[in-house]
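Asker: This is the structure, below, for whatever I ask next.
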Amino acid sequence: MDKNQLSSPYWKWIPAAFALAGVILFIFATFGPPASSSGFVAALKGAIEPLAPAYVEDKAHYSMSGGPGSWVFAFVLGMAIGGFIAARTFPVPVRDIPEIWEKRFGNSRIKRYAATFAGGFIILFAARLAGGCTLGLFISGSTQLAVSGLYFGVLIFAFAMITARIVYGTTGKEEK
Amino acid sequence: MSAQIWLGLVSGIAFGFVIQRVGATNADKMARAHLMIEGGIPKFMLLAVMVSAVGLVGLQASDVGRTLIIPTSLVATGIAGILFGIGWGLCGYCPGTTWAAAGEGRMDAILALLGGLAGTAVFAQVHEILIPLLYAPTNAGQITLADWFGSSLAAAAVLVAVFAVCIWGISRLWERD
């Protein structure tokens with residue numbers, strides 16, 4: 001371990017994992033399996049329902065979901081608040097374009113925003129097909145020893161690693 | 177406000193804070209994790225699941241909490257996992273981290289969140305076509321490791337052992353923490 005890592009403001013993975021497990025178990029005890037991709041459904045349901053109540057009632061994906069008054073919407077809203085508080089109390093400034101992306105593709109905001117919009121589209125489309133995301137399916141599922149969560153987990157890590165290789169090539173490797 | 181909303185809000189704030197502190201809301205660190213440069217975040221995720229799984233066996237033994245197993249569909253869960261991995265590798269965010277990273281004020285995460293809302297809307301529109309087509313035919317039901325290993329305690333022990341090997345592998349194969 002070099003000096004650079006010792007002075008890092010980021011939490012080490014072991015204590016951070018125990019902290020997160022504490023939060024996860026609190027959620028299981030007070031609510032049930034945590035999830036975040038269904039927070040997107042709840043947000044959309046809240047936005048669409050006043051405009052087109054018949055459509056929302058007709059569509060299985062909305063009718064089986066909670067709305068903005070549900071635990072899961074409060075949870076994702078809480079995550080945004082938690083992120084806000086955490087960033088305001090952290091020495092590393094927030095960036096709109098990650099360093100490694102800038103090194104590879106330059107500082108075009110349009111390019112980066114187009115990529116994250118597309119990425120966001122894909123992950124939510126996929127999560128809604130599987131019935132959960134990194135949290136709702138991999139973490140919650142595996143915690144409950146569900147085969148679905150472990151199967152999904154293996155695939156998402158494998159394909160994210162392959163995709164990152166294609167997107168970034170050897171960028172990041174040379175700065176050891 | 178109902179108790180559920182307060183509990184959700186408090187849980188979300190704590191969750192969002194912890195994932196920011198470990199660097200999971202930083203797409204730069206996530207990319208370096210996927211590129212096998214920094215192993216801290218994947219090890220953090222695996223250890224968090226290990227501890228939670230053991231803790232949940234304890235909670236259930238004392239009859240506390242609620243569980244809900246998502247079914248395994250060989251085809252739908254598989255296609256979704258592949259697509260999800262591609263999107264995650266491309267943008268460095270997953271659904272949960274977009275909310276926390278958007279709260280941090282990262283503009284690229286706000287765009288990922290908007291893309292996510294669009295992806296959700298499109299899926300909701302085609303749900304009635306895709307679920308019977310991809311999900312239902314190979315739906316193996318709510319299977320868990322406990323069905324395979326006899327008891328949830330034995331299954332949790334297997335999960336802990338396998339995840340421990342994965343963490344050891346990441347320590348060996350990734351360049352640094």
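Listed in order, the protein sequences are those of chains L and V.
The opening residue of the first sequence carries number 1 in the working numbering; numbering runs sequentially from there.
The opening residue of the second sequence carries number 177 in the working numbering; numbering runs sequentially from there.
Ideal placement from N, C-alpha and C gives every residue a C-beta, glycine not left out.
Just so we're clear, the structure is a prediction, and the values are computed from it rather than from any experiment.
(1) What residues in the region 270-290 of chain V bring their beta carbon closer than 9 Å to a beta carbon of chain L?
(2) Measuring only the C-alpha atoms, how far is V302 (chain V) from P247 (chain V)?
(3) Report the neighbours of G216 (chain V) on chain L: residues whose CB is nearer than 8 Å to its CB, in chain order.
(4) With 16 other CB atoms within 10 Å as the buried threshold, where does V64 (chain L) fall?
(5) Closest to L266 (chain V) by CA distance: which of V:I213, V:L223 and V:M206 is it?
(6) Using a 10 Å radius around the Cβ and a threshold of 16 neighbouring Cβ atoms, would you call A237 (chain V) buried or exposed?
(7) Are the C-beta atoms of W182 (chain V) and some chain L residue less than 9 Å apart?
(8) Helix, strand or coil for S140 (chain L)? Go by DSSP, reduced to three states.
(9) If the cut is a Cβ gap below 7 Å, which residues of chain L does T248 (chain V) touch?
(10) Can you give me the C-alpha to C-alpha distance between L137 (chain L) and L250 (chain V), rounded to a whole angstrom?
(11) Secondary structure at T320 (chain V), three-state DSSP: helix, strand or coil?
(12) Report, in whole angstroms, the separation of the C-beta atoms of A288 (chain V) and T134 (chain L), which I expect to be a contact under 8 Å.
(13) Three or more C-beta pairs under 8 Å: does that hold for the region 256-273 of chain V against the region 317-329 of chain V?
(14) Can you tell me whether L349 (chain V) is buried or exposed? The criterion is at least 16 other CB atoms within 10 Å of its CB, across all chains shown.
(15) Just tell me which of L:A130, L:G82, L:K12 and L:Q144 has its CA closest to the CA of G192 (chain V).
(16) Excluding the 5 residues preceding and the 5 following M71 (chain L) in the sequence, name in chain order all residues of the same chain whose CB lies nearer than 7 Å to its CB.
(17) Can you check which of these residues, L:F125, L:A43 and L:T89, is closest to Y10 (chain L) by C-alpha distance?
(18) In the structure shown, what three-state DSSP assignment does S108 (chain L) receive?
(19) With DSSP collapsed to three states, give me the class of E214 (chain V).
(20) Alpha carbon to alpha carbon, how far is S7 (chain L) from A297 (chain V)? Give it in angstroms, no decimals.
(21) Can you tell me the Cβ-Cβ gap for A279 (chain V) and A80 (chain L), rounded? I've got them flagged as a contact below 8 Å.
(22) Buried or exposed: K45 (chain L), going by 16 or more other Cβ atoms within 10 Å of its Cβ?
(23) Take A164 (chain L) as the anchor and find which of V:D353, V:W275, V:S187 and V:D204 has the nearest alpha-carbon.
(24) Return the CA-CA distance between P308 (chain V) and A60 (chain L), expressed in angstroms with no decimal places.
(25) Would you mind working out which of V:F339, V:G317, V:M226 and V:F260 sits nearest A17 (chain L), comparing C-alpha positions?
(26) Have a look at L:G119, L:V76 and L:P68 and flag the residue whose alpha-carbon is nearest the alpha-carbon of L259 (chain V).
(27) Quick one: does M1 (chain L) have its CB under 9 Å from some CB of chain V?
(28) Secondary structure at R282 (chain V), three-state DSSP: helix, strand or coil?
(29) If you measure from the beta carbon of R242 (chain V) to each beta carbon in chain L, is any gap under 9 Å?
(30) Measure the alpha-carbon distance for V92 (chain L) versus G199 (chain V) and round it to whole angstroms.
(31) For chain B, check one thing: does any of its Cβ atoms lie closer than 9 Å to the Cβ of L135 (chain L)?
(32) Considering only DSSP beta bridges, list what S249 (chain V) is partnered with.
(33) Using DSSP's beta-bridge definition, name the partner residues of A146 (chain L).
(34) Residue range of the alpha helix (DSSP H) that R88 (chain L) falls in?
(35) How about the region 103-114 of chain L and the region 210-223 of chain V: do they share at least three Cβ pairs that are nearer than 8 Å?
(36) Does A322 (chain V) have its Cβ less than 9 Å from a Cβ in chain L?
Answerer: Quick look at the numbers:
(1) C270, P271, G272, T273, T274, W275, A276, A277, A278, G279, E280, G281, R282, M283, D284, A285, I286, L287, A288, L289 and L290
(2) 20 Å
(3) Y10, K12 and W13
(4) According to the sequence displayed, residue 64 (chain L) carries Met and not Val. With fewer than 16 Cβ atoms within 10 Å of its Cβ, M64 (chain L) is classed as exposed.
(5) V:M206
(6) exposed
(7) yes
(8) helix
(9) V147, S148 and Y151
(10) 14 Å
(11) strand
(12) A288 (chain V) to T134 (chain L), Cβ: 13 Å. No contact.
(13) no
(14) exposed
(15) L:G82
(16) A quick correction: the sequence has Trp, not Met, at residue 71 (chain L). Taken in chain order, the residues that qualify are F31.
(17) L:T89
(18) coil
(19) strand
(20) 43 Å
(21) Here residue 279 (chain V) is Gly; the residue named in the question, Ala, does not match the sequence. The pair is a contact, with the Cβ atoms about 3 Å apart (cut-off 8 Å).
(22) buried
(23) V:D204
(24) 12 Å
(25) V:M226
(26) L:G119
(27) Interpretation of M1 (chain L) is limited by its pLDDT of 47, a score under 50 that renders its predicted location unreliable; no figure is taken from the coordinates.
(28) coil
(29) yes
(30) 11 Å
(31) No chain B is present in this structure, whose protein chains are L and V.
(32) V:N315
(33) V:T320
(34) W71 to R88
(35) no
(36) yes
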